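Using the working numbering, the letters of the sequence shown map in sequence onto residues 603 to 724. Glycine is no exception: its CB is placed at the ideal position from the N, C-alpha and C atoms. All of these numbers come straight from a predicted model, not from anything done at the bench. Shown next, in structure tokens, is the structure this report addresses.
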Amino acid sequence: MKKNSTLLLAVLMGIFTLISCENDNKDSKLSAQKFEPVAVTKTNETKIYMHYMAWFESKESSGNNTWGYHWTMANKNPDNVDANGKREIAAHYYPMIGPYHSGDKNVLENHLLMMKYSGVDG
């Protein structure tokens, strides 16, 4: 009896799983929504300019599978990870996104958005 109940339960679960996976939007086509740029308003007219260092290399982006010099500075090893999941890098402040490659398009977009939201003018 227990074997039959288990089999019946398994069959019912399978049926409910298949029913719940049905696509409700069969006729609709997915498309990306395009957003227009939004100007950032500043409360202070003082211009803010900065210098961007685009020379950081990750292990994956380097041609020789090693960390770029600016993450190691000859005495740090980013392959060492502490208990909090942070790599041992040569930096006073740990990047919110961790060690990165300056040529990664997602990193560049992230950095440019942070500059925009911070009010950097150039």
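Do you know how far the Cα of V709 is from the Cα of I699? 8 angstroms
Using 9 angstroms as the threshold, is the C-beta distance between H703 and E659 below it? With respect to E659, H703 sits close: the two C-beta atoms are nearer than 9 angstroms.
What three-state label does DSSP hand V683 in the structure shown? strand
Should the segment 648 to 655 be regarded as contacting the segment 714 to 723, the criterion being three or more beta carbon pairs within less than 8 angstroms? yes
Under a Cβ-count criterion, where at least 16 other Cβ atoms within 10 Å of its own Cβ denotes burial, should I621 be classed as buried or exposed? Classification for I621: exposed.
Going by C-alpha distance, which of N686, L632 and K661 is nearest T674? K661
From G665 to G616, what distance separates their C-alpha atoms? 49 angstroms
Along the chain, where does the alpha helix (DSSP H) containing N712 start, and where does it finish? K707 to S720
Compare the beta carbon distance of A656 and G724 with 9 angstroms and say whether it is the shorter of the two. no
Separation of K636 from H694, as counted between CA atoms: 38 angstroms
Compute the Euclidean distance between the alpha carbons of A634 and N677, then round it to the nearest angstrom. Each residue's CA atom was taken as its position, placing A634 and N677 some 46 angstroms apart.
Alpha carbon to alpha carbon, how far is I691 from N679? Give it in angstroms, no decimals. Roughly 6 angstroms between the two C-alpha positions.
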